[in-house]
Structure formats: structure tokens, C-alpha cells
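Chains A and B supply the protein sequences, listed in that same order. The numbers in the first sequence follow numbering that gives the first Met the number 0, run straight up by one, and end at 318. The numbers in the second sequence follow numbering that gives the first Met the number 0, run straight up by one, and end at 318. Note that beta-carbon positions come from the ideal geometry of N, C-alpha and C, so glycine has one too.
Protein chains: 2
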Amino acid sequence: MWLGFDIGGTKLAVVVGDEAGRIAARRRRAIGASGDPRTDVNAMLRDAHELLAEAGVAASALRGVGVAAPGPIDFARGVVESPPNLAGWDAVPIRAWLGEVFEAPVHLENDANAAALAEWRFGAGRGAQHLVYLTMSTGVGGGLVLDGRLYRGTGGAGEVGHMPVEWGRDSELCGCGRRGCLEAYVGGRRWTERLARITPAASRVAALAGAPAQARPEHVLAAAREGDGFARGELERWNRYLARGLVALSYVLAPEVFVLGTIATAAGEALCFEPLRRALAAAVWPSVARKSEIRGSGLGEDGPYYAALCAAFEASPPY
Amino acid sequence: MWLGFDIGGTKLAVVVGDEAGRIAARRRRAIGASGDPRTDVNAMLRDAHELLAEAGVAASALRGVGVAAPGPIDFARGVVESPPNLAGWDAVPIRAWLGEVFEAPVHLENDANAAALAEWRFGAGRGAQHLVYLTMSTGVGGGLVLDGRLYRGTGGAGEVGHMPVEWGRDSELCGCGRRGCLEAYVGGRRWTERLARITPAASRVAALAGAPAQARPEHVLAAAREGDGFARGELERWNRYLARGLVALSYVLAPEVFVLGTIATAAGEALCFEPLRRALAAAVWPSVARKSEIRGSGLGEDGPYYAALCAAFEASPPY
Numbered sequence: 000m001w002l003g004f005d006i007g008g009t010k011l012a013v014v015v016g017d018e019a020g021r022i023a024a025r026r027r028r029a030i031g032a033s034g035d036p037r038t039d040v041n042a043m044l045r046d047a048h049e050l051l052a053e054a055g056v057a058a059s060a061l062r063g064v065g066v067a068a069p070g071p072i073d074f075a076r077g078v079v080e081s082p083p084n085l086a087g088w089d090a091v092p093i094r095a096w097l098g099e100v101f102e103a104p105v106h107l108e109n110d111a112n113a114a115a116l117a118e119w120r121f122g123a124g125r126g127a128q129h130l131v132y133l134t135m136s137t138g139v140g141g142g143l144v145l146d147g148r149l150y151r152g153t154g155g156a157g158e159v160g161h162m163p164v165e166w167g168r169d170s171e172l173c174g175c176g177r178r179g180c181l182e183a184y185v186g187g188r189r190w191t192e193r194l195a196r197i198t199p200a201a202s203r204v205a206a207l208a209g210a211p212a213q214a215r216p217e218h219v220l221a222a223a224r225e226g227d228g229f230a231r232g233e234l235e236r237w238n239r240y241l242a243r244g245l246v247a248l249s250y251v252l253a254p255e256v257f258v259l260g261t262i263a264t265a266a267g268e269a270l271c272f273e274p275l276r277r278a279l280a281a282a283v284w285p286s287v288a289r290k291s292e293i294r295g296s297g298l299g300e301d302g303p304y305y306a307a308l309c310a311a312f313e314a315s316p317p318y
Numbered sequence: 000m001w002l003g004f005d006i007g008g009t010k011l012a013v014v015v016g017d018e019a020g021r022i023a024a025r026r027r028r029a030i031g032a033s034g035d036p037r038t039d040v041n042a043m044l045r046d047a048h049e050l051l052a053e054a055g056v057a058a059s060a061l062r063g064v065g066v067a068a069p070g071p072i073d074f075a076r077g078v079v080e081s082p083p084n085l086a087g088w089d090a091v092p093i094r095a096w097l098g099e100v101f102e103a104p105v106h107l108e109n110d111a112n113a114a115a116l117a118e119w120r121f122g123a124g125r126g127a128q129h130l131v132y133l134t135m136s137t138g139v140g141g142g143l144v145l146d147g148r149l150y151r152g153t154g155g156a157g158e159v160g161h162m163p164v165e166w167g168r169d170s171e172l173c174g175c176g177r178r179g180c181l182e183a184y185v186g187g188r189r190w191t192e193r194l195a196r197i198t199p200a201a202s203r204v205a206a207l208a209g210a211p212a213q214a215r216p217e218h219v220l221a222a223a224r225e226g227d228g229f230a231r232g233e234l235e236r237w238n239r240y241l242a243r244g245l246v247a248l249s250y251v252l253a254p255e256v257f258v259l260g261t262i263a264t265a266a267g268e269a270l271c272f273e274p275l276r277r278a279l280a281a282a283v284w285p286s287v288a289r290k291s292e293i294r295g296s297g298l299g300e301d302g303p304y305y306a307a308l309c310a311a312f313e314a315s316p317p318y
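This is the structure:
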């Protein structure tokens, strides 16, 4: 059995499961980032021991322990560096801390990589040899499974949210401090900020949100489904920029499948995947484009459990 | 021993060598593309048998035979599809044809992939786990060695010349029929066409070339070394677009080393690699950029022999 943790900006998922993805016990709760990572990790460990007891698994019987956490991560040292969304977490040697508690090997993985592995082993990318995963939540994360294994490069590979999709002084500012990144156009935070700025007070988006300042991507999706012009225009822009990223990734990686999470999964076939497929068919050579599929996430709400489990598999591969 | 062929638009290289890259016999000559691929291949085979005799290697002692050829290639069937620079070559089943002659396994590789392998095994990328190779000759070819092996994706991976580096109606037309590709800005053919169009008659570039219409990238490099303003401006533009490609590739692949061939190798440190390093340092997160190096080709004129040999290693890996 494997033990996994998925540490998000606001939630912690803990899971005990096996190599087939059968989950013996799981728990998700708000992570009250206390500002003191040692306190947070001790709370995680209490959860873990309760779950192991619930599943009837002795800690000594674990084959691997995994942690999926927001980057940047120092893979070589097993250290969470200083994720913008985890207050007080700065250079946290979480692999060493868990190594003091568990006999099994411990692996620390970046959350988007773990999610890519989860989609590949248990989700929308099962059976693919070459998978590109993109998630468009707060920022844009990416993970690459190439030739049937996670590709990390020198550590930071798969940061597809920071590929440039626009150049010049007018290009949008990204959370990373640079301009023109894919994330600056399709990331949830930046899009939400833009919506607050430009949503017309009389629009359907504003009506669904309550006020322009409360407009969020989900209101755009709902209004677009009702045929609202402003929402359709916003979504068209969002798809256009996402397609720019996918075009570049197609030429570089020629993947079998793109798995697109969060906003794209919520938007679905008509509002997202079909327009993206048309854009790729127009911009990518047929010999490459016809071998690539675009799919939504196959794991939904359970994604973090499978991501945590896949991070644990990396500690001690079951296959 | 291995037998390799590198088929270029104008030249054919044939080599007999071993797993350490020791070359027992080699030959390069003009490939008189006869318009009939069967005739061209028979000429290649005569060369091969003469070289094998010269090296004292029996054809039956070969462990692998490789062919590096311009794409597009059908890897699964071992077919050269219809390279724009090989007249009359259309759906040539070269693997099957060589398989009728040699007992050893035959592998057909795209030329840029073979060159990437050659730089990785014997050239500027020795010892790297993650290498991105770009060559800027007529077009822009690319090859990816990731996690210590060639990455092909669904077949067309590494076509980095067709990553978009500019969007919009004004962006330059590429040889592939699309607009805004990296190749449209930094490929030798497109740059040469541009130089013929815009080189001032009174410039140093025109003087070196004889006339504006004869201006080529090598004249720009020579004039830039002499401090010519027009040449420096052209090179700055060329570096700026090449940097856009390398920035995107850095975020996606986080390679240890970029090996840049042809025009970049000829331009060298001061005119190319140093400006590129500055551009990457400004646009790529330090955590990624500081782990990547930029180098020129380490094989020079012998590149095609090593590329041919590496294509042969793919038929029957020595390692």
C-alpha cells in the first residue's frame, strides 16, 4: 500500500491506496496554513495515522509515501521552496521530515506533475504513451508524460503556463512578473481580474455573478451556454490563447493526448474542446494534429487523491 | 560494426563505424538525385559495399544499418514520404529496400533527430540527460534527447521550427505554408530571401556579397564582425526571434543544453550565444535558466557521418 498527500492552497487530501488505484481510505479537509509549516505537517501526519488505522494498514507495511505540493520544488533535496499560496512555507524539507516518521521511501512531487500522472494512470490519459496535461485553475500548471514516464528535465519542465503567447509591451502581465505568458491570458486568477474590469454591468455575466466585480470564469461559461455575446467573446479569446499554447506544444512534443483540467473541463466539448480542435486543425500540420486528441480531466473531484497516490508511486514504483 | 547513410538535399554521406564513434571508413559525395529513388538507392548501396570492403567488414557482420533522411518520415513503416529537397522521392520504402540487402536490422531516422543524437553521443551534448538540438540551415530542424533517449512523440516531435513566434496577419510566411513559424524568421532560406529584398546597395553586406541580391547569412556575420550597422541590426532581429523559441522550449523542456547548429555555430559566442544567454536570463525564471547551457555544434563538417552512425545505432542499440 501507498500513502499520499496532496497539499493545495486551501485543501489537504490524504489517501491510502494500492497500485491499481483502489482507495482504502481517504480524507480531505481545509488546510489551515498556520504560518508554521511544522504545525501544518504535524496535522497532516495525524490525519495519515488515523487513515492508516481506518484502512487497517500498518505504517511499516507502506511501500511508498508521496507528497504532491505546489512548486517551486527542489526535487533533488525534497524541499518545498516557497509556494505563493502556502503562507509561511519557505524551504520546507518535507521529504526529510516524513522520512523521520516512515520507513518507506518518500517522494515529493510538484502538484501539476502528480496530476498529469494521475490522469495518465487512472484518468483521461490511460494507455497513452505521450500525454500533456494542462490545468487552468489559479495559474496554469502543466505536466508531461513522455514515452510512458514523467518528464522533469532539469527540474522545472512542464511549466507550460509560462510559454509566451504574445510579445510586446501591450502583452498582459503574468503573476510570475513577466509579460505575455499563457497563464496571463488563460489562468483563472488573471481572467477573473480581467472580468472584474471589463464585464458590462448590463450583461448576463454580471447578472449571474451579482455584479461585474464578482464575475468569474464559471459565470462566463454559464452565460455563454445561454448565448450571451459578451461571454462568447470572452470565451473565444480564452480559447484562442489556449490554442496558441497547444499549437506550440504540438510541434514540440507531438503528444497522443492533451488532458485539459479545471476551466476547460468545466467548459466541455462545445465551448472549449471543439473550438480548440478546429484551431489546431488549422494551425498544426495534419500529420501531427491527426494523432493528437484533446480531452477533459477524467478524475473530477477525486483528482487530488489520485495525484497524491501517483506521487507516492514515484517513491517506490509499483510497475 | 554499424553502417550509416545520411541523405541530404545535395550530399550523401556513408560511414562504417563502431559504438565508440570510431570511423572505419567514410565517403561523402554529391547525391545526383536522379528523379528515380531506386537509382539513387542503388548508387548508395554501391558506395556502401565499397566502404565495407575498404574497412574489411563483411556485410554479414553488421549489427545495424541506419539511414538519416529529411522528413517527413513514416517511422512505423520506414518510409521517406516526400522531402521537398529530394526530387522524385515520394513514399520511398527505404527500410524495406535495405532490408532486402542486409541481414542486420535497418532503421530510418529523420535527419534532425539523427543530428541531435550525434551531438549527444559524440558532440557538444556529451553527458547531458536532456538536450535540445536546433539547426538553422535551409529550414529549422530540431531533435530532442530527453531522459537520455531520443523523443519522437507520435512521430513528428521536435519540429521546433514551426513553433509560432509571431501572430497576426503581418507575421512572415513560412515554407510550410503557415505564418509566424520560427523557421520563417531564422531559417536560412527565408532569411536569405529577406536579405535579397532589404540589403542596402551601399552596405558592407552588399559589398561582401557582390550585390544585394546575392546577400546571404554568412555575409551578414562577416559584416557584423566588422561592426556594420545593417548587419548588426539583422543579426539582432535573428537572435531575438531565436530567443523566443528558446524561451518557450526552456519552460516546456527545461533542458540541460541547447545545441545550436549551422548559422548559430558560424556566428559563435559574441554574435549569437552571448546575446541569446542574455535574452534567456531576462525571460526565463532563474531556477530554469541557470541549469541550461547554450552551445554550438561540436561536430562541424563531420556531423553527417556521426548522424548516420547514430541512425544505425537506433536499429540495434549498442548501449
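Quick one: is residue i buried, meaning 16 or more other Cβ sit within 10 Å of its Cβ, or exposed?
{"i": "A/T9", "result": "exposed"}
{"i": "B/A269", "result": "exposed"}
{"i": "A/L172", "result": "exposed"}
{"i": "B/E313", "result": "buried"}
{"i": "B/I197", "result": "exposed"}
{"i": "B/Y150", "result": "buried"}
{"i": "A/Y318", "result": "exposed"}
{"i": "B/E182", "result": "buried"}
{"i": "B/D169", "result": "exposed"}
{"i": "B/D60", "result": "Checking the displayed sequence, the identity of residue 60 of chain B turns out to be Ala instead of Asp. Classification of B/A60: exposed, given that the 10 Å Cβ count is below 16."}
{"i": "A/T137", "result": "buried"}
{"i": "A/P316", "result": "exposed"}
{"i": "B/P285", "result": "exposed"}
{"i": "A/G299", "result": "exposed"}
{"i": "B/R94", "result": "buried"}
If you drop the 5 nearest sequence neighbours on each side, which residues of the same chain put their C-beta closer than 7 Å to that of residue i?
{"i": "B/L207", "result": "H218, A221, A222"}
{"i": "A/R337", "result": "With chain A represented from 0 up to 318, any question about residue 337 of chain A goes unanswered, as that position is not in the structure."}
{"i": "A/A200", "result": "P211"}
{"i": "A/I262", "result": "M135, G187, P216"}
{"i": "B/L275", "result": "N238, L241, A242, L245, I293"}
{"i": "B/L302", "result": "One point to set straight first is that residue 302 of chain B is Gly, not Leu, in the sequence displayed. So the list reads A114, A117, S296, once near-sequence residues are dropped."}
{"i": "B/E80", "result": "P71, I72, D73, A90"}
From the DSSP output, which residues share a beta bridge with residue i?
{"i": "B/W237", "result": "DSSP, once it has assigned bridges, lists no residue as partnering B/W237."}
{"i": "A/K10", "result": "A/A29"}
{"i": "A/V15", "result": "A/L2, A/A24"}
{"i": "B/L362", "result": "No answer is possible for residue 362 of chain B: it lies beyond the span of chain B, which begins at 0 and ends at 318."}
{"i": "A/L172", "result": "A/R178"}
{"i": "B/G65", "result": "B/G3, B/H106"}
{"i": "A/D73", "result": "A/V78"}
{"i": "B/P163", "result": "B/C180"}
Can the beta-carbon of residue i be found closer than 7 Å to that of residue j?
{"i": "A/E108", "j": "A/A311", "result": "no"}
{"i": "B/G65", "j": "B/H106", "result": "yes"}
{"i": "B/G295", "j": "B/T264", "result": "yes"}
{"i": "B/A117", "j": "B/A280", "result": "no"}
{"i": "B/W96", "j": "B/V40", "result": "yes"}
{"i": "B/L259", "j": "B/L133", "result": "yes"}
{"i": "A/A127", "j": "A/V256", "result": "yes"}
{"i": "A/L241", "j": "A/V185", "result": "yes"}
{"i": "A/R26", "j": "A/D46", "result": "yes"}
{"i": "A/G3", "j": "A/F121", "result": "no"}
{"i": "B/A393", "j": "B/A58", "result": "Residue 393 of chain B cannot be examined here, being either before or after the span of chain B that is shown, 0 to 318."}
{"i": "A/P83", "j": "A/D110", "result": "no"}
{"i": "B/A322", "j": "B/D5", "result": "Coverage of chain B is limited to positions 0 through 318, which leaves residue 322 of chain B absent and any answer about it impossible."}
{"i": "A/C162", "j": "B/A247", "result": "It should be pointed out that residue 162 of chain A corresponds to Met in this sequence rather than to Cys. Closer than 7 Å, so yes."}
{"i": "A/V139", "j": "A/G160", "result": "yes"}
Below 8 Å CB to CB, which residues in the same chain sit around residue i once its five sequence neighbours on both sides are set aside?
{"i": "B/A253", "result": "H129, V287, K290, S291"}
{"i": "B/G154", "result": "I72, D73, F74, A75"}
Is residue i near the ligand MG, with its Cβ less than 6 Å from a heavy atom?
{"i": "B/L245", "result": "In terms of ligand content, the structure shown is empty, and the ligand MG therefore cannot be addressed."}
Taking only beta-carbon positions, decide if residue i is within less than 7 Å of chain C.
{"i": "A/A156", "result": "The question asks about chain C, but that chain is absent: this structure's protein chains are A and B."}
Less than 6 Å between C-beta atoms, sequence neighbours within five positions excluded: which residues of the same chain meet that for residue i?
{"i": "B/A12", "result": "D5, R27, P303, Y304, A307"}
What runs of the beta strand (DSSP E), each 3 residues or longer, lie entirely inside the segment 75 to 151 of chain A? 105 to 109, 130 to 135, 139 to 145
So within the segment 178 to 228 of chain B, which uninterrupted alpha helix (DSSP H) runs reach at least 4 residues, ignoring any that extend past its ends? 181 to 185, 187 to 197, 203 to 208, 216 to 224
Just to confirm the assignment: which complete alpha helix (DSSP H) runs, minimum length 4, are found wholly within the segment 266 to 313 of chain B? 273 to 282, 285 to 288
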